[in-house]
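Asker:
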Ligand SMILES: NC(=O)c1ccc[n+]([C@@H]2O[C@H](COP(=O)([O-])OP(=O)(O)OC[C@H]3O[C@@H](n4cnc5c(N)ncnc54)[C@H](OP(=O)(O)O)[C@@H]3O)[C@@H](O)[C@H]2O)c1
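In this note's numbering, the protein residues as written are 1 to 273.
#1: So, for residue 233: in the same chain, excluding its five sequence neighbours on each side, which residues have a beta-carbon less than 6 Å away from its beta-carbon?
#2: Can you list, in chain order, the residues of its chain with a C-beta nearer than 6 Å to that of residue 201? Leave out the 5 residues immediately preceding and following it.
#3: When DSSP labels each residue in this structure, what does residue 66 get in the three-state scheme?
#4: Please classify residue 273: does DSSP put it in a helix, a strand, or coil?
#5: Quick one: what's got a C-beta closer than 7 Å to residue 259's C-beta in the same chain, skipping five residues either side?
#6: Check each candidate in 261, 207, 204 and 196 and name the one with the smallest Cα separation from residue 213.
#7: Does the distance between the C-beta of residue 189 and the nearest non-hydrogen atom of ligand 1 fall short of 7 Å?
#8: If you follow the beta strand (DSSP E) that residue 164 is in, where does it begin and where does it stop?
#9: Relative to the C-alpha of residue 119, which residue among 161, 76 and 250 is closest?
#10: Between 107, 121 and 209, which lies nearest to residue 70 when the distance is taken from Cα to Cα?
#11: Report yes if the C-beta distance between residue 244 and residue 178 is below 8 Å; otherwise report no.
#12: Residues in its own chain within less than 8 Å of residue 231 by CB, not counting five upstream and five downstream?
#13: Identify the continuous alpha helix (DSSP H) that holds residue 225 and give its terminal residues.
#14: Count Cβ pairs between the segment 37 to 49 and the segment 67 to 84 that sit closer than 8 Å; are there 3 or more?
#15: Sorted by chain position, which residues of the same chain lie with C-beta nearer than 7 Å to residue 210's C-beta, five sequence neighbours on each side aside?
#16: Check each candidate in 31, 137, 254 and 48 and name the one with the smallest Cα separation from residue 5.
#17: Nearest CA to the CA of residue 101: which residue from 80, 90 and 123?
#18: Using beta-carbon positions only, say whether residue 15 and residue 129 come within less than 8 Å of one another.
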């Protein structure tokens, strides 16, 4: 299915494409013939990602990769970035809203500032980028594929309630846009990685947390960014025309069974862990 040339003549914008899941997705897309635009806040991280793309995908020509610093929380920066991508490649056919981040905190310890920082990044930033790309390219051209990367939030996200609320918002947005923009030949889907993926984004939680996640996964292993990328790529590809408004989990079955967040038991004197 993922044959050479599958993404020929398609322009893909991957937010947060300089590392982790975004970078793995951009690599595979380049291999399949796409032109790829990536963005992130940190210029060094972005440059390293671009260099890796060009090095590891020898078939890709340098002009097939465009990278520019852009903070998706800044509406003006988003507008300038989308203009630069359209100037470079002529359009955006596929948007992968992958940029995001959060920090662990029990809800009672969250300041409004911390809450708003995560909501702006993981919900408002996704909306701003999506609206800009849709209005400037997808709606006028009557073609688009949008994939929103969320998280495993169907049963809440204890320990990171700010990102749970933001990602649930993106999943609801996914459904609204899938219906509103069906008339423009735009498909909108979400991919929800489990919290059991070994990637640059989960390194901050440490090996102990990842081991708990592994044990709580029926498949008894951690997932990889490449495994998330494959699902993103199917949904974004010309092989998918009839799936829209869906959230696909990629999590080794964890939501069906295991939980990582320990609920303190008031009847116990010591903390479980
Ligand atoms: N790995 C997992 O297990 C997992 C699970 C659930 C959800 N996710 C989500 O999947 C996405 C990718 O995760 P990952 O594991 O690949 O982590 P990652 O390496 O930290 O990727 C996040 C990327 O987004 C960029 N970014 C963050 N905020 C941004 C902003 N405001 N504007 C522009 N770029 C921004 C980061 O670059 P800069 O720092 O340079 O901006 C980085 O390249 C994230 O949204 C993450 O929360 C991951």
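Every residue gets a Cβ at the ideal spot worked out from N, C-alpha and C, and that includes glycine.
Answerer: Judging by the given coordinates:
#1: Spatial neighbours of residue 233 in its own chain (CB-CB distance under 6 Å, excluding positions within 5 residues in sequence) are listed in chain order as 28.
#2: The residues 20, in chain order, have a CB closer than 6 Å to that of residue 201 in the same chain once the five nearest residues on each side in sequence are set aside.
#3: In this structure, residue 66 counts as strand in the three-state DSSP scheme.
#4: Any reading at residue 273 is ruled out, since the residue's pLDDT is 49, under 50, leaving its predicted position unreliable.
#5: Hits under 7 Å: 216.
#6: Of 261, 207, 204 and 196, the residue nearest in Cα terms is 196.
#7: The answer is no for residue 189.
#8: Not the beta strand (DSSP E): residue 164 falls in the alpha helix (DSSP H), residues 161 to 180.
#9: For the options 161, 76 and 250, the alpha carbon positioned closest to that of residue 119 is the one of 161.
#10: When each option's Cα is compared against that of residue 70, the closest is 121.
#11: Between residue 244 and residue 178, the C-beta spacing is below 8 Å.
#12: If we look at residue 231 and ignore the five residues flanking it on each side, its Cβ neighbours are 191, 248 and 250.
#13: Per DSSP, residue 225 belongs to the alpha helix (DSSP H) from 225 to 236.
#14: Result yes; three or more Cβ-Cβ pairs closer than 8 Å.
#15: The residues are 198, 202 and 222.
#16: Per the Cα distances, 31.
#17: Closest option to residue 101, Cα to Cα, is 123.
#18: In this structure, residue 129 lies closer than 8 Å to residue 15 by Cβ.
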